[in-house]
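First up is the structure itself, then whatever we jot down about it.
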Amino acid sequence: MISNAACKGTAKETANNEPDEPRHIQMTNARCPRCAEAKVGLSDIIHAGHNHHRYQLECIACGNSWYASSGAVSVLASDSKMV
């Protein structure tokens, strides 16, 4: 029989997997390619120079993360969500 403690991991492992504090993420109008939800936030902007930016997007619903061109993100919501 496996104990409950063995299933959950040690306190140190649990602490390492949890974010230190909630982060604000700017929402977009993009859809997740994995789950098709419209709950996609902007994680990072990669400046490629000469106004050619790439965006790292993250789906709030399923956790999928991917990179997209600036054309894929046409609208950034004005309010931020905490994740």
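Throughout the sequence shown, residue numbering follows this note's numbering, covering 29 to 111 in sequence.
Just so you know, even glycine gets a beta-carbon here, dropped at the ideal spot from N, CA and C.
Query raised in the report: In whole angstroms, what is the alpha-carbon distance linking Ser108 and Ala76?
Result: For the purposes of this step, residue 108 is taken as the residue at position 80 of the sequence shown. For the purposes of this step, residue 76 is taken as the residue at position 48 of the sequence shown. Confidence at Ser108 is low in this model, with a pLDDT of 46, below 50, so the placement of that residue should be treated as unreliable; the coordinate-derived value is given next. Their backbone Cα atoms lie some 25 Å apart in a straight line.
Report task. Could you give the DSSP three-state label for Ala64: helix, strand or coil? Result -> Within the sequence shown, numbered from 1, the residue matching residue 64 stands at position 36. Residue state, collapsed to three classes: coil.
Requested in this report: Over the uninterrupted beta strand (DSSP E) stretch that includes Ser93, give me the two end residues.
Outcome: One-based indexing of the sequence shown puts residue 93 at position 65. Its beta strand (DSSP E) spans residues Ser93 to Ser97.
Query raised in the report: Among the residues of its own chain, which have a CB less than 7 Å from the CB of His81, if the five just before and after it don't count?
Result: Here residue 81 refers to the residue found at position 53 when the sequence shown is read from its first residue. Answer for His81: Ile73, Ile74, His75 and Ser98, listed in chain order.
Query - Cβ neighbours of Asn92 in the same chain (closer than 8 Å, five flanking residues each side left out) - result: The sequence position of residue 92 within the sequence shown is 64, counting from 1. The residues are Cys60, Pro61, Arg62, Cys63 and Glu86.
Query raised in the report: Going by beta carbon distance, what residues of the same chain come within less than 6 Å of Val101, once the five residues before and after it are set aside?
Result: If you number the sequence shown from 1, residue 101 lands on position 73. Thr56, Ala58 and Tyr83, listed in sequence order.
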